[in-house]
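The sequence shown begins at 20 in my numbering and counts up by one.
Structure first, commentary second.
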Amino acid sequence: MTMIASLQTTTPEEASFRPEVLVRLEQLFQNLIQENQLQSASYLLAKDGKIVASSAMGRRTYKNDDDSPMLTDTIRRIASVTKLFGAVAIFQLIEQGKLFLKQAVSEWIEEFKHPMFERIQIWHLLTHTSGLWPDPGYYNEPNPFGHWDVRFAFEPDNEDTAVNEDERLKLRKSAWIRSILSLKPVCKPGENWNYSSAGYALIGEIVSRASGMHFEEYVIKHITEPLGMNRTFFDVPAELHGEICVTNEWDVSRLDKRDRTYDPPRTGGGLYSTLEDLFRFGQMLLNNGSYEGRRILSRKSIERMTRNHFEGRNLFAYSWGGKVASMPYGMGPGVTLENEWISAGAYGHEGAGRSKLIIDPKHNAVIVFFVPSNSDWVPESIITPLQIIGSGWK
Numbered sequence: 020m021t022m023i024a025s026l027q028t029t030t031p032e033e034a035s036f037r038p039e040v041l042v043r044l045e046q047l048f049q050n051l052i053q054e055n056q057l058q059s060a061s062y063l064l065a066k067d068g069k070i071v072a073s074s075a076m077g078r079r080t081y082k083n084d085d086d087s088p089m090l091t092d093t094i095r096r097i098a099s100v101t102k103l104f105g106a107v108a109i110f111q112l113i114e115q116g117k118l119f120l121k122q123a124v125s126e127w128i129e130e131f132k133h134p135m136f137e138r139i140q141i142w143h144l145l146t147h148t149s150g151l152w153p154d155p156g157y158y159n160e161p162n163p164f165g166h167w168d169v170r171f172a173f174e175p176d177n178e179d180t181a182v183n184e185d186e187r188l189k190l191r192k193s194a195w196i197r198s199i200l201s202l203k204p205v206c207k208p209g210e211n212w213n214y215s216s217a218g219y220a221l222i223g224e225i226v227s228r229a230s231g232m233h234f235e236e237y238v239i240k241h242i243t244e245p246l247g248m249n250r251t252f253f254d255v256p257a258e259l260h261g262e263i264c265v266t267n268e269w270d271v272s273r274l275d276k277r278d279r280t281y282d283p284p285r286t287g288g289g290l291y292s293t294l295e296d297l298f299r300f301g302q303m304l305l306n307n308g309s310y311e312g313r314r315i316l317s318r319k320s321i322e323r324m325t326r327n328h329f330e331g332r333n334l335f336a337y338s339w340g341g342k343v344a345s346m347p348y349g350m351g352p353g354v355t356l357e358n359e360w361i362s363a364g365a366y367g368h369e370g371a372g373r374s375k376l377i378i379d380p381k382h383n384a385v386i387v388f389f390v391p392s393n394s395d396w397v398p399e400s401i402i403t404p405l406q407i408i409g410s411g412w413k
């Protein structure tokens, strides 16, 4: 077990955590690596703002001619954990008086001024209850592919309908929005839970329009830099590419910086980060919005963002075949109930089945782990670690 040197540390005994459970956790990860279910794994467990344990194992890259080890400061794409940064950005702008949760999306994005979409509000996007189409594969369809990705990628410039160059540019920039709205909603706003990364792309667009900055620039300036998250990027600098965990050629190709003028904001899953940086972000949430003297959000915003917004309601979710009669969800994070291994009231987000951030207020703890794999989803690498960690508190 290694420790991250730049942060305060404590021992498992001082943190009231059974040390033998950490041995069990590391053995789980080692077994999954040996079985070729994972390429590597790393984790960080913190309590009271101090690191209890952190470790890394396996290989940083899939390439046979590169045996670089996975390290605790290795950079990794965090996928949908990025959505939490979008939620924080929205609440910052609410505190600045620039928007509000029950504001119609159509007040920011004119394409929503249609009877099918005009009732959708910002909080619906945050909670995945807008009724917009969910992510590919959500309904276990046989050939999942994002319909709006396809339409956006192949849509012509609409030069025939453009009045002038400004109009043509506007059509190009709104192509991805119109593609999202090309299908009728799957339900009324607030009726069901349907996980929609498209909805979070729209969250990013609202952040951009309300702040006057590109979403990616806003997050770096107002969230990651103030928190000292110095190894968190949307575009990792070329000189750090050799410190990124990659699992296939697609991972490598995503590192190439390109023109994103007409692309959606990367709110749904565009950030790269490290264990330490995500700890800083998670500790800020745990501290009711501040970290090392820097205030990111108010206590009230943290409370609104992280509580189960649907307590007492039967909010149905299909959720990739796992039918849920009442989905517990906040305005950004998922929320844990009584029947889980992690404490009731804990919250966080998973990233494409390969990363996890959990904030546990009951134990004043932050949990982060990366489990890179080429498999679609390895439940033993996401569910089992939480069971093991949850069993470790004295």
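Cβ atoms here follow ideal geometry from the backbone N, Cα and C, with glycine treated the same way.
All values reported here derive from a predicted model rather than from experimental measurement.
| Item | Value |
| --- | --- |
| Taking Tyr-219 as part of the alpha helix (DSSP H), name the residues at either end of that continuous run. | 216 to 230 |
| Given a cut-off of 7 Å, decide if Ala-220 and Pro-284 are closer than it, judged by their beta-carbon atoms. | yes |
| Would you mind stating whether Ile-242 and Val-107 have Cβ atoms separated by less than 7 Å? | yes |
| For a test of the three-state rule: what should DSSP assign to Phe-389, helix, strand or coil? | strand |
| On the DSSP letters alone, give me the boundaries of the alpha helix (DSSP H) that Lys-189 sits inside. | 184 to 192 |
| Tell me where the alpha helix (DSSP H) around His-143 begins and ends. | 141 to 145 |
| Within the same chain, show all residues whose beta-carbon is closer than 8 Å to that of Val-205, passing over the 5 residues directly before and after it, in chain order. | Gly-150, Leu-151, Trp-152, Pro-153, Asn-211 and Asn-213 |
| In this structure, does DSSP put Pro-88 in helix, strand or coil? | strand |
| Measuring alpha carbon to alpha carbon, tell me which of Tyr-158, Asn-327 and Leu-304 ends up nearest Arg-318. | Leu-304 |
| Closer than 7 Å by C-beta to Gln-122: which residues in its own chain qualify, once you throw out the five before and the five after it? Chain order, please. | Gln-140 and Ile-141 |
| Restricting to Cα atoms, I'd like to know which of Leu-26, Ser-35 and Gly-353 is closest to Gly-409. | Ser-35 |
| Whether or not the stretch 359 to 375 and the stretch 396 to 409 are in contact is what I'm after, with contact meaning three or more pairs of Cβ atoms, one per stretch, closer than 8 Å; do they touch? | yes |
| So, using beta-carbon positions, are Met-346 and Leu-356 closer together than 7 Å? | no |
| Taking Cβ to Cβ, would you say Asn-383 is nearer than 7 Å to Lys-66? | yes |
| Which whole-angstrom value is the C-beta distance of Lys-102 and Thr-286, which I expect to be below 8 Å? | 7 Å |
| Per DSSP, what kind of secondary structure is Glu-178 in: helix, strand or coil? | Its pLDDT being 49, under 50, Glu-178 is placed unreliably in this model, and the value from its coordinates should be taken loosely. It is coil, neither helix nor strand. |
| Considering just the uninterrupted stretch of the beta strand (DSSP E) at Ala-72, what are its terminal residues? | 69 to 77 |
| State the Cα-Cα distance for the pair Gly-353 and Asn-327, rounded to the nearest angstrom. | 8 Å |
| From the DSSP output, which residues share a beta bridge with Ile-199? | DSSP, once it has assigned bridges, lists no residue as partnering Ile-199. |
| Distance check for Ala-60 and Arg-95, CA to CA, integer angstroms please. | 11 Å |
| Pro-380 and Gly-364 - do their beta-carbons sit closer together than 7 Å? | yes |
| Mind checking Ile-402: buried by the 16 CB within 10 Å criterion, or exposed? | exposed |
| How about Phe-389 and Ser-374: are their beta carbons less than 7 Å apart? | yes |
| What residue range is occupied by the uninterrupted alpha helix (DSSP H) comprising Asp-296? | 294 to 305 |
| Assuming Pro-208 contacts Ile-315 under a Cβ cut-off of 8 Å, what Cβ separation, rounded to an integer in Å, is found between them? | Pro-208 to Ile-315, Cβ: 29 Å. No contact. |
| Compare the Cα-Cα distances from Pro-88 to each of Gly-261, Arg-250 and Glu-126 and report the closest residue. | Gly-261 |
| For Leu-8, which of Thr-91, Ile-225 and Ala-72 has the nearest alpha-carbon? | An answer regarding residue 8 cannot be provided, because it is not within the stretch 20 to 413 covered by the chain. |
| Are Ala-257 and Leu-112 close, meaning C-beta to C-beta below 7 Å? | no |
| I need the boundaries of the alpha helix (DSSP H) containing Asp-275, first residue and last residue. | No alpha helix (DSSP H) holds Asp-275; DSSP gives it neither H nor E. |
| Can you give me the start and stop residues for the alpha helix (DSSP H) that Glu-369 sits inside? | Not the alpha helix (DSSP H): Glu-369 falls in the beta strand (DSSP E), residues 366 to 369. |
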